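Last residue of the sequence shown: number 427 in full-length UniProt numbering, and the count goes up by one each step with no gaps.
Data first, discussion second: the structure below is written as structure tokens.
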Amino acid sequence: MTEKEKQTKTARELLDDGRRRPWYVRAAVWGAVVALAGAGGWYWYASKDAGTGPSYVTETVERGNLSVTVSADGTLNPMRTVTLGSELSGIVREVNVDVNDEVVEGQTLIELDTRNLEAKVASARASLTSAKAQLAESRATLNEAELRYKRMKELNRLSEGKMPSAADLDQQQAAVKTASASVDVARAAIDDAEASLATAQTDLEKAQIKSPINGVVLARSVEPGYAVAASLQAVELLTLATDLRELELRVDVDEADIGVVKTGQTAYFTVSSYPNRRFPAELKKVAFGSTETENVVTYTTYLNVDNSDLLLRPGMTASATILTAEKSGVLLVPNSALRFTPRAEKEAPSGMSAMMMRGPHGGGTKSAKDVTQHGEAERTVYVLRNGQAVPVRVTTGLTDGARTEIVSGELAEGDAVVVDQRRAAAK
Numbered sequence: 001m002t003e004k005e006k007q008t009k010t011a012r013e014l015l016d017d018g019r020r021r022p023w024y025v026r027a028a029v030w031g032a033v034v035a036l037a038g039a040g041g042w043y044w045y046a047s048k049d050a051g052t053g054p055s056y057v058t059e060t061v062e063r064g065n066l067s068v069t070v071s072a073d074g075t076l077n078p079m080r081t082v083t084l085g086s087e088l089s090g091i092v093r094e095v096n097v098d099v100n101d102e103v104v105e106g107q108t109l110i111e112l113d114t115r116n117l118e119a120k121v122a123s124a125r126a127s128l129t130s131a132k133a134q135l136a137e138s139r140a141t142l143n144e145a146e147l148r149y150k151r152m153k154e155l156n157r158l159s160e161g162k163m164p165s166a167a168d169l170d171q172q173q174a175a176v177k178t179a180s181a182s183v184d185v186a187r188a189a190i191d192d193a194e195a196s197l198a199t200a201q202t203d204l205e206k207a208q209i210k211s212p213i214n215g216v217v218l219a220r221s222v223e224p225g226y227a228v229a230a231s232l233q234a235v236e237l238l239t240l241a242t243d244l245r246e247l248e249l250r251v252d253v254d255e256a257d258i259g260v261v262k263t264g265q266t267a268y269f270t271v272s273s274y275p276n277r278r279f280p281a282e283l284k285k286v287a288f289g290s291t292e293t294e295n296v297v298t299y300t301t302y303l304n305v306d307n308s309d310l311l312l313r314p315g316m317t318a319s320a321t322i323l324t325a326e327k328s329g330v331l332l333v334p335n336s337a338l339r340f341t342p343r344a345e346k347e348a349p350s351g352m353s354a355m356m357m358r359g360p361h362g363g364g365t366k367s368a369k370d371v372t373q374h375g376e377a378e379r380t381v382y383v384l385r386n387g388q389a390v391p392v393r394v395t396t397g398l399t400d401g402a403r404t405e406i407v408s409g410e411l412a413e414g415d416a417v418v419v420d421q422r423r424a425a426a427k
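Printed below as a string of structure tokens:
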């Protein structure tokens, strides 16, 4: 007789005897039968599951190079831009340059009609000449008055005060003072005339608008015959840029990434015009001030760009990648291996079956991620050994979002780390 038949016979005998026993005895017997049935079912399920163990998807631990980057978008700009205008009102007579023309510092780019300005210069010169003549006349009058006063005083001394009279002496002394004041007025008139002449000459020079830099013309908004009205502010006529063989790329870096972006880091970027080409750049500075757009905080970051071949143009939109960290010859695992947890742990049973599998004192696993004193993360990966997923504690370093550096742990190049789990088909 088999074990199962013995159990069935025993249960039947207990039931038969139970009909002749009190109700509470019969209830206890039925409870024992249910418990035995549950235990038998669990034993059958565990035996079946053990015979159909899970299969694992793995990837190989490799040694290689790792680069950590930050991505940001922005636009290309000249290193320096200058807007030229006119401080004078007038009519444009000549425009000597056009868009894309190269210019040098001091070159005359725009000329205004100067006839009125030349007339003002001539008038100022005439006024200055007149003021100088008036000064000469005033000086002569002063000299004459001083000489007459000197003679009158000498005559008064020789005549022992008899002639000329004291009143005549006072009158002549007053004439000397008047002549001296006239000289001062004439000198002031000369200063005023000289200032007027200088202003007129300056305005005449301003009629020739010259380039303040060596560069290229980016924009032109004026033609000959254009009436310039500069009563309130300087009118914008030309836009110049410094040599376009060197440009500046301004990108907006997200606040989450700005902590790892530093001056001197290298970068590359692409533009829509040349999608298959990477242009190099170097990070020059990071703005302290932030910009907030639709609750997104960014920081303007400036990169120098060599544009010797003049392929790039100001205003182009660029997608930049900044290299923030780089290591070579390090142990690497896919990030999916760090995220993997065996299904038995993720789908832990509850209730009575959990107690039967864990035991009365419970269990559980350690946290999947702890941080070391050096800021590196301690993680658990599962290595396939003899068909079993064996947990291995490792310390991770840099990550590029797809692969992560393994700093320490019982993991070696060539190990198969588990990245996924599949249930095997039932037998």
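Ideal Cβ positions, reconstructed from N, Cα and C, are used throughout, including at glycine.
Just so you know, these numbers come straight off a predicted model, no measurement behind them.
(message) Check for me: the alpha helix (DSSP H) holding Ile-258 runs from which residue to which?
(response) That residue, Ile-258, is in no alpha helix (DSSP H); it is neither H nor E in DSSP.
(request) Please confirm whether any heavy atom of the ligand FAD lies closer than 7 angstroms to the CB of Gly-225. (result) What this structure holds is no ligand at all, so the ligand FAD is not there to describe.
(message) Check this for me: beta carbons of Leu-331 and Arg-403, under 8 angstroms apart or not?
(response) no
(request) Express the C-alpha separation of Leu-218 and Pro-314 in angstroms, rounding to a whole number. (result) 9 angstroms
(message) Taking the alpha carbon of Val-297 as the reference point, which residue from Glu-255, Val-260, Ala-325, Asp-306 has its own alpha carbon closest?
(response) Glu-255
(message) Please return the same chain residues whose Cβ sits closer than 7 angstroms to the Cβ of Gln-134, not counting the five positions on each side in sequence.
(response) Ala-186, Ala-189
(message) Quick check on the burial criterion: 16 or more other C-beta atoms within 10 angstroms. Buried or exposed for Tyr-56?
(response) buried
(request) Report the residue from Val-82, Ala-230, Leu-237, Gln-208 whose alpha carbon sits nearest the alpha carbon of Val-222. (result) Leu-237
(message) Quick check on DSSP: helix, strand or coil for Tyr-226?
(response) coil
(request) Would you kindly work out how many angstroms separate the C-alpha atoms of Pro-212 and Gly-225, rounded to a whole number? (result) 24 angstroms
(request) If I'm right that Val-82 touches Leu-338 with Cβ under 8 angstroms, what's the distance once you round it to whole angstroms? (result) 54 angstroms between Cβ atoms; not a contact.
(message) If you reduce the DSSP assignment to three classes, tell me which class Glu-326 lands in.
(response) strand
(request) Could you tell me which residues DSSP puts in a beta bridge with Ala-320? (result) Ala-72, Phe-269
(message) Considering only DSSP beta bridges, list what Arg-220 is partnered with.
(response) Leu-238
(message) With three or more C-beta pairs closer than 8 angstroms as the rule, is the segment 55-75 touching the segment 311-327?
(response) yes
(message) Spatial neighbours of Asp-101 within its chain, please: C-beta separation below 8 angstroms, excluding the five flanking residues on both sides.
(response) Val-216, Val-217
(request) Indicate the three-state DSSP secondary structure (helix, strand or coil) for Val-371 in the structure shown. (result) Note on Val-371: pLDDT 45, under 50, position unreliable in the model; no value is reported.
(request) Report yes or no: do three or more beta-carbon pairs, one from the segment 164-183 and one from the segment 127-144, lie closer than 8 angstroms? (result) yes
(request) Please report the residue range of the beta strand (DSSP E) in which Gln-388 lies. (result) 388-399
(request) Report buried or exposed for Pro-280, applying the criterion of at least 16 other Cβ atoms within 10 angstroms of its Cβ. (result) exposed
(request) Taking the CB atoms as reference points, tell me whether Leu-84 and Ile-209 lie closer together than 8 angstroms. (result) yes
(request) Over the uninterrupted beta strand (DSSP E) stretch that includes Lys-284, give me the two end residues. (result) 274-293
(request) Work out the CA separation of Pro-78 and Thr-396 for me, nearest whole Å. (result) 42 angstroms
(request) Indicate whether Gly-409 and Val-392 have their beta-carbon atoms separated by less than 8 angstroms. (result) yes
(request) Report the residue from Leu-312, Val-70, Arg-80 whose alpha carbon sits nearest the alpha carbon of Ser-273. (result) Leu-312
(request) Given a cut-off of 8 angstroms, decide if Val-235 and Gly-90 are closer than it, judged by their beta-carbon atoms. (result) no
(message) Based on DSSP bridge pairs, tell me the residues matched to Glu-144.
(response) DSSP, once it has assigned bridges, lists no residue as partnering Glu-144.
(request) Tell me whether Thr-60 is buried or exposed, calling it buried when 16 or more other Cβ atoms sit within 10 Å of its Cβ. (result) exposed
(message) Less than 8 angstroms between the C-beta atoms of Asn-307 and Leu-244, yes or no?
(response) yes
(request) Pick helix, strand or coil for Asp-184, following the three-state DSSP scheme. (result) helix
(message) What does the alpha-carbon distance come out to for the pair Tyr-382 and Thr-341?
(response) 8 angstroms
(message) Using C-beta distances below 8 angstroms, list every residue in its chain close to Lys-291, excluding the 5 sequence neighbours before and after it, in chain order.
(response) Correcting the residue identity first, residue 291 is Thr in this sequence and not Lys. For Thr-291, where only same-chain residues beyond five positions count, the Cβ hits under 8 angstroms are Asp-252, Val-297, Thr-298, Tyr-299, Thr-300.
(message) Are the CB atoms of Val-70 and Val-261 within a distance shorter than 8 angstroms?
(response) yes
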